[in-house]
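Quick note on numbering: the sequence shown equals residues 85 to 313 in the working numbering.
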Amino acid sequence: MAARRIVLDDPAPRAAELLAAAAEAGSQIALTGGSTPRRAYELAAEAGSDWSRATLWWGDERCVGPEDERSNFRLAREALLERLPGPGPAIRRIEGELGPVRGAEAYEGALRDTFGAGLPRLDLVLLGLGPDAHCASLFPGAPALDERARAVVGVERAGLAPWVARVSLTVSALAAAGEVVFLVTGADKARAVSRAFDEPLSGAAPASLVAAEAASVTVLLDPEAAGTA
85 MAARRIVLDD PAPRAAELLA AAAEAGSQIA LTGGSTPRRA YELAAEAGSD WSRATLWWGD
145 ERCVGPEDER SNFRLAREAL LERLPGPGPA IRRIEGELGP VRGAEAYEGA LRDTFGAGLP
205 RLDLVLLGLG PDAHCASLFP GAPALDERAR AVVGVERAGL APWVARVSLT VSALAAAGEV
265 VFLVTGADKA RAVSRAFDEP LSGAAPASLV AAEAASVTVL LDPEAAGTA
């Protein structure tokens, strides 16, 4: 579907509002990693919302332990979970330390235990966008892009630094969410934004595949990423 774009001087507060509202509603939420969402997580923690009925999942994880500085879970723990003023959400982290194969199998099982057979129906998925138009750990041209039956895949060779194997939700699992929100900042992402949301869908721009399949897509951009600065 056509993505709804919102250009803001700083899109982090809007992303934080969406996260806090989803938490208040007791939603099933998938978080993203990378440097871009940190401020959104901090602001979401400061909103004073009740997170106790929400459940947190992750769109992808590097195959490292939860204390590793490269861990997406560690980012969320430091920026969000440790800052919440009240009871926190249920945590369903990807066990990246198990490696890409076993980690993917374990997360598939966790999703199945919660959502049953078939694809998980997460309420909100937050994603970033790489300069190569990748999202989660779905990289251009990767075999994982063709997976439609499974919800989780192991990624043996990642496309960008840090060079480490990963575990990722598939295109279909991400797109099955009630709402997919991309948070994108910086001039180095402007071309990727065009490739993901303007040009024909392509495996060379994995985010375009998610956007095309999802029922509702919102792209939060700063002027630099939107190409309007």
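Using N, Cα and C, we set each Cβ at its ideal position, and we do this for glycine too.
In the three-state reduction of the DSSP assignment, Val236 falls in the strand class. In this structure, Val264 sits away from Ala235, with a CB-CB distance that is not shorter than 9 Å. Assignment of Glu189 by DSSP, reduced to helix, strand and coil, places it in the helix class. With a contact defined as Cβ atoms closer than 8 Å, Phe157 and Arg176 miss out at about 10 Å.
Judged by pairs of C-beta atoms under 8 Å, the stretch 159-174 does not touch the stretch 272-291, as fewer than three such pairs exist.
Taking C-beta atoms under 8 Å as the contact rule, Ala114 and Trp142 qualify, at a distance of about 6 Å. Per DSSP, the unbroken alpha helix (DSSP H) holding Ser292 starts and ends at 290-297. Gly149 and Glu181 have their C-alpha atoms some 5 Å from each other.
Counting only residues of its own chain and dropping the five nearest sequence neighbours on each side, Val185 has a CB closer than 7 Å to the CB of Gly238.
According to DSSP, Glu263 shares a beta bridge with Leu208.
With contacts defined by Cβ atoms closer than 9 Å, Glu126 and Ala163 form a contacting pair. According to DSSP, residue pairing for Cys147 in a beta bridge does not occur. In terms of Cβ geometry, Pro227 and Ala288 do not form a close pair [threshold 9 Å]. If you look at Leu102, you'll find it in the alpha helix (DSSP H) that goes 96-108. Leaving aside the five residues that flank Val277 on each side, the residues in its chain whose CB is nearer than 8 Å to its CB run, in chain order, Leu213, Val268, Val303, Leu305, Ala309, Ala310, Gly311.
When C-alpha distances from Gly132 are compared across Ala105, Glu153, Leu222, the shortest belongs to Ala105.
The residue among Asp216, Ala129, Asp230 with its C-alpha nearest the C-alpha of Glu166 is Ala129. Under the three-state reduction of DSSP output, Arg250 falls in the strand class. Rounded to whole angstroms, the gap between the alpha carbons of Ala280 and Val301 is 12 Å.
Cβ atoms of Ala217 and Ser292 come within 8 Å of each other, at about 7 Å. Residue pairing for Trp142: DSSP places it in a beta bridge opposite Leu115. The C-alpha of Asp94 lies about 14 Å from the C-alpha of Phe266.
The C-beta distance from Ala261 to Leu195 rounds to 12 Å, too long to fall under 8 Å, and the pair is not in contact.
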